[in-house]
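Working notes, beginning with the structure itself.
This is the structure we're talking about:
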């Protein structure tokens with residue numbers, strides 16, 4: 225199960241209905257955070273994500289993406305968390321992230337390990353990896369993508385039975401790529417297992433202008449969560465400030481062949497009524513939705529893959 229909970233979808237400052245940047249990524253039993261704007265811990269309470277965070281992945285060190293770190297860590301400590309937490313950020317971010325971790329007079333009662341990650345690096349986790357990719361925001365910044373490895377191909381049970389394979393452990397061995405002996409010969413995995421099926425990919429840009437590296441990272445993605453700070457009338461401002469318009473985000477999704485696009489990091493002018501952004505984006509990519517705080521997106525395997 226991959227479940228994404230949007231904890232904050234506002235740009236630069238919170239509004240009455242939207243917090244600043246943050247989202248929770250739940251993969252099976254593991255909970256990750258991508259960005260951690262001020263008030264993130266309250267949003268986690270509000271939307272019941274739990275607090276057993278193993279890692280935080282920060283896109284860049286602008287205040288609206290990191291000011292929630294001190295409060296979150298201390299809330300976790302007060303709730304009895306004692307396991308190490310890993311904090312990843314872009315090149316040059318370690319000093320600022322360390323200041324955020326140690327802000328205040330109360331010591332965090334568990335280890336927090338900070339690591340800078342270059343674009344192109346991959347962090348291996350159980351069952352998936354997190355990859356950093358280059359974005360364009362005017363300061364050191366990366367986006368993050370969750371990538372599953374290819375899955376085993378479909379196992380043809382009826383074909384296996386017809387070839388004389390006994391049900392049980394032999395089925396598992398074949399599915400894992402081993403050959404098995406049967407009466408009258410040997411059955412290989414190529415006889416009963418289809419081609420590998422792609423895993424799932426979820427991509428989060430953080431703040432960025434239009435960038436070819438985003439398209440590369442989101443190629444065939446199941447879900448792209450993209451900066452959409454402005455509408456068409458502020459395209460120049462978006463470029464100058466290192467952001468994207470909703471239409472530009474939709475074009476990125478279309479070029480990448482993504483299955484679904486969520487718009488986030490909305491300017492306050494669109495906080496209450498983002499329909500203009502949705503309309504502009506859908507002219508380019510029909511599979512667009514505007515993110516809102518508390519939105520939950522579960523990412524299934526594609527229907528054609530099963």
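Numbering (this note's numbering), first residue to last: 225 to 530.
Each residue gets a CB set at the ideal place from its N, CA and C atoms; glycine is no exception.
- Scanning the segment 308-389 from its first residue to its last, the whole beta strand (DSSP E) runs of 3-plus residues come out as 309-313, 336-340, 346-349, 352-358, 366-371.
- Residue 309 holds the alpha-carbon nearest to the alpha-carbon of residue 277 among 309, 233, 304.
- In the three-state reduction of the DSSP assignment, residue 477 falls in the helix class.
- Secondary-structure assignment with DSSP links residue 416 through no beta bridge to anything.
- Per DSSP, the continuous beta strand (DSSP E) segment holding residue 279 begins and ends at 277-281.
- The residue from 442, 232, 249 with its alpha-carbon nearest to that of residue 243 is 232.
- Residue state for residue 405 is assigned as strand, using DSSP reduced to three classes.
- The DSSP-derived three-state label of residue 496 is coil.
- Rounded to the nearest angstrom, the Cβ distance from residue 370 to residue 426 is 4 Å, consistent with a contact under 8 Å.
- Segment contact: the segment 245-265 against the segment 276-292, three or more CB-CB distances shorter than 8 Å; contact assigned.
- Judged by DSSP in its simplified three-state form, residue 460 adopts helix.
- Close CB contacts of residue 434 within its chain, under the 7 Å cut and outside five residues either way in sequence, are with 468, 472, 476 (chain order).
- In the three-state reduction of the DSSP assignment, residue 482 falls in the coil class, being assigned neither a helical nor a strand state.
- Annotation: the continuous beta strand (DSSP E) that includes residue 246 extends over 246-251.
- The C-alpha of residue 411 lies about 27 Å from the C-alpha of residue 423.
- Annotation: residue 351 to residue 313 spans about 22 Å, alpha carbon to alpha carbon.
- A straight line joining the alpha-carbon of residue 341 with that of residue 408 spans about 55 Å.
- Under the criterion of beta carbons closer than 8 Å, residue 376 and residue 420 qualify as touching, at roughly 7 Å.
- Boundaries of the alpha helix (DSSP H) around residue 299: 293-302.
- The Cβ atoms of residue 504 and residue 462 do not sit closer than 7 Å to each other.
- Counting only residues of its own chain and dropping the five nearest sequence neighbours on each side, residue 265 has a CB closer than 6 Å to the CB of 295, 296, 299.
- Counting along the chain, residue 398 sits inside no beta strand (DSSP E); it lies in the alpha helix (DSSP H) bounded by residues 393-399.
- When DSSP states are grouped into helix, strand and coil, residue 440 belongs to the helix group.
- Remark: C-beta atoms of residue 367 and residue 455 do not approach each other more closely than 7 Å.
- Sorting 481, 404, 457, 465 by C-alpha distance to the C-alpha of residue 440 places 481 at the top.
- Among the bridge pairs identified by DSSP, residue 452 is matched with none.
- Taking C-beta atoms as the reference points, residue 397 and residue 404 count as a pair closer than 7 Å.
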